[in-house]
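The structure under discussion appears below in the form of structure tokens.
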Amino acid sequence: MTIFYYLTNFSATKIKNLNIAVFVSGRGSNLKAILNSDLTKNKVIVKAVFSDKKNCPAFEIASEHSVKCFSVGDCEGCISYTNIISLLESLEINLIVLAGFIKLIPNSVVAEYRNRIINIHPALLPSFGGKGMYGRKVHEAVFKSSAKVSGATVHFVDESYDTGKIIAQRCVDISDVKSPDEIAERVLKVEHEILPYVISKFADDKIKIINERVVIE
Ligand code: GRF
Numbered sequence: 663m664t665i666f667y668y669l670t671n672f673s674a675t676k677i678k679n680l681n682i683a684v685f686v687s688g689r690g691s692n693l694k695a696i697l698n699s700d701l702t703k704n705k706v707i708v709k710a711v712f713s714d715k716k717n718c719p720a721f722e723i724a725s726e727h728s729v730k731c732f733s734v735g736d737c738e739g740c741i742s743y744t745n746i747i748s749l750l751e752s753l754e755i756n757l758i759v760l761a762g763f764i765k766l767i768p769n770s771v772v773a774e775y776r777n778r779i780i781n782i783h784p785a786l787l788p789s790f791g792g793k794g795m796y797g798r799k800v801h802e803a804v805f806k807s808s809a810k811v812s813g814a815t816v817h818f819v820d821e822s823y824d825t826g827k828i829i830a831q832r833c834v835d836i837s838d839v840k841s842p843d844e845i846a847e848r849v850l851k852v853e854h855e856i857l858p859y860v861i862s863k864f865a866d867d868k869i870k871i872i873n874e875r876v877v878i879e
């Protein structure tokens, strides 16, 4: 028997736009790729950017595009995770995009936004993921392993680090690299393509789970 899920909750209610919240921790090049892509000329609206930092370069990118910024977590003046769900609801967020966000999303938020939170990881999961595997550490591990391909993975977020179902992956040849930085550079290029691509598929309601596998139509 085929088990078939629609993942977004907006097709039935005919909401015209896909409202997204992007979660970041630092540089924000993936946020920039989203904001500069054709997505935002069409159905996708970046309603807000959230960070676990009081300030970060990604906030500057958001501000240049007049996108509201919020800091989340325990810091003074930050929005607590208890209050974040009501804020996301008031912003009518359909999809949460983790783009370089290094903290674990609390279970309460995962439960509320099940299959509506995605993350970009700079390696080919299920290898080179998990707690502490972020940024340069990922590329160093890939380099030391002597793997000949790496790439980017966009996956659903569940209760653990990097274990949710894989939505899309793109590979890069790294057989000739001389350093982890070279890997990072090649992978980042494909990250900037694959993340807007996946978001566009959500906007078109083309992502489904069929027989436990994520399928892009
Ligand atoms: C990216 O490599 C992303 O895959 C990882 O953290 C990095 C963030 O980069 N999760 P940026 O902030 O989008 O430039």
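Residues 663 to 879 in the working numbering are what the sequence shown lists, from first letter to last. The C-beta atom is built at its ideal place from N, Cα and C for all residues, glycine as well. Source: prediction; values computed, not measured.
> Can you tell me whether Glu855 is buried or exposed, with buried defined as 16 or more other CB within 10 angstroms of its CB?
Replying inline: exposed
> Terminal residues of the continuous beta strand (DSSP E) containing Val706?
Replying inline: Val706 to Ser713
>> Does the beta-carbon of Glu853, which I'm using as the reference point, lie nearer than 7 angstroms to any heavy atom of the ligand GRF?
In response: yes
> Per the contact definition of three or more C-beta pairs closer than 8 angstroms, is the stretch 815-827 in contact with the stretch 778-788?
Replying inline: yes
> Is Glu774 near the ligand SAM, with its Cβ less than 7 angstroms from a heavy atom?
Replying inline: The model on display carries the ligand GRF but not the ligand SAM.
> Taking the alpha carbon of Ala830 as the point to measure from, which residue in Met795, Lys863, Lys799 and Asp843 has its own alpha carbon closest?
Replying inline: Lys863
>> Below 8 angstroms, how does it come out for the stretch 736-748 and the stretch 687-699: are there three or more Cβ pairs, yes or no?
In response: no
> Should Asn604 go down as buried or exposed, given a rule of 16 or more other Cβ atoms within 10 Å for buried?
Replying inline: Beyond the ends of the chain as shown, which are 663 and 879, falls residue 604; an answer cannot be given.
> From Lys840 to Val834, what does the alpha carbon distance come to, in whole angstroms?
Replying inline: 15 angstroms
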